[in-house]
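Report on the following structure.
In full-length UniProt numbering, the protein residues as written are 1 to 309.
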């Protein structure tokens with residue numbers, strides 16, 4: 001008995017949630033050995049390989065696309081370099097499970113940026129309620145009024161918010177300048193990762209990068225787990241899910257990933273995650289669900305700004 005493509009896509013959706021949810025623990029392992037910028041470099045480098053190979057196989061890479069290079073540079077900065085750095089730095093300062101829960105709020109901040117800069121994005125009572133609920137979840141995690149406030153926790157939350165805002169900025173830019181180009185998702189992601197890799201190779205400090213070579217488990221976790229699988233293969237799986245189920249259903253992975261990250265942080269990384277954090281994650285997920293009320297046309301734009309969590 002053969003399995004339909006849609007059934008495979010549903011399995012892929014749960015697999016993708018597991019992969020992206022695991023990324024936060026892998027990022028936490030990585031920053032114990034190398035700097036956050038170096039983590040982003042390694043992740044982008046090894047994530048680029050399968051995406052580039054996939055785009056070549058699909059014959060989506062075109063020399064004519066060079067004339068849009070300036071747009072790809074902007075997308076690389078917002079959707080890859082700054083976005084990934086914010087998530088890695090935030091994960092360094094927070095527990096991996098908490099960082100994963102915070103990442104679930106990315107669509108909320110992205111929507112706020114979109115409302116400010118895109119005329120077609122409008123508020124409704126339902127969306128306003130979704131933003132409010134999501135913010136309550138973020139505040140519950142940040143806990144700014146605690147007598148035991150730790151400054152690095154607030155800083156970690158702010159880096160996660162920065163990453164989300166950058167993703168929102170890339171969505172706005174994509175809607176205005178990338179969507180009319182009618183590029184495939186695999187081609188755009190290849191250009192984003194490739195240009196991001198060049199930028200990172202120029203600007204980061206390589207001192208200490210060789211530390212990941214001292215432990216085979218760490219090396220494989222960062223290169224194969226976080227980079228090749230958690231970034232490159234994950235993007236390819238996401239493309240397949242979108243093609244089979246549509247962008248709106250594919251976006252439901254954003255509801256599952258924070259929960260997976262919390263469970264991994266609690267039961268595998270053995271982080272002290274309590275009921276408050278689970279409740280906060282539930283609020284964030286509910287807020288995102290209430291916001292996810294876009295038309296199919298708008299949802300399709302999301303594949304142009306895929307966050308490689």
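Using N, Cα and C, we set each Cβ at its ideal position, and we do this for glycine too. Here the structure is a predicted model, which means the values were calculated and not measured.
Annotation: the UniProt domain "EamA" (8-141) contains the following complete segments of the alpha helix (DSSP H) (minimum length 4 residues), in chain order: 36-57, 69-75, 83-93, 96-103 and 106-117.
The region 183-202 makes no contact with the region 86-94: fewer than 3 CB pairs, one atom from each, lie closer than 8 Å. In the DSSP assignment, residue 214 falls outside any alpha helix (DSSP H), carrying neither H nor E.
Look at the beta carbons and you see the region 45-65 not touching the region 164-178: under three pairs across the two are nearer than 8 Å. Here the alpha carbons of residue 70 and residue 96 stand approximately 35 Å from one another. Cβ-Cβ separation between residue 94 and residue 17: approximately 20 Å, too far for a contact (criterion under 8 Å). Annotated three-state conformation of residue 219 is helix, per DSSP.
Judged by DSSP in its simplified three-state form, residue 243 adopts helix. DSSP places residue 275 in the uninterrupted alpha helix (DSSP H) bounded by 275-291.
Rounded to whole angstroms, the gap between the alpha carbons of residue 127 and residue 292 is 8 Å.
Counting C-beta atoms within 10 angstroms of its own C-beta, residue 258 has 16 or more neighbours from the protein chains shown and is therefore classed as buried.
Between residue 222 and residue 40, the C-beta gap is not smaller than 8 Å, which leaves the two residues out of contact. In the displayed model, residue 272 falls within coil according to three-state DSSP, outside both helix and strand. Secondary structure at residue 206: coil, using DSSP grouped into helix, strand and coil. Counted as a single uninterrupted DSSP element, the alpha helix (DSSP H) harbouring residue 267 occupies residues 253-267. Residue state for residue 3 is assigned as coil, using DSSP reduced to three classes. Contact between residue 288 and residue 134 holds: CB atoms are separated by about 6 Å, below the 8 Å threshold. In the assembly as shown, residue 36 is a buried residue. Its beta-carbon has 16 or more other beta-carbons within 10 Å. If the five residues before and after residue 254 are omitted, its C-beta is found closer than 7 Å to the C-beta atoms of 104, 107 and 288, all from its own chain and listed in chain order. If the five residues before and after residue 21 are omitted, its C-beta is found closer than 7 Å to the C-beta atoms of 100, 257, 260, 261 and 264, all from its own chain and listed in chain order. Residue 45 sits close to residue 197, with the two beta carbons spaced by under 8 Å. CA-CA distance, residue 216 to residue 32, rounds to 14 Å.
Non-local beta-carbon contacts of residue 184 in its own chain, meaning distances under 8 Å to residues more than five positions away in sequence, involve 55, 58 and 60 in chain order. The residues 108, 286, 287, 288, 289, 290 and 291, in chain order, have a CB closer than 8 Å to that of residue 130 in the same chain once the five nearest residues on each side in sequence are set aside. In this structure, the straight-line span from the alpha carbon of residue 167 to that of residue 115 is close to 14 Å. For residue 167, the secondary structure class from DSSP, reduced to helix, strand or coil, is helix.
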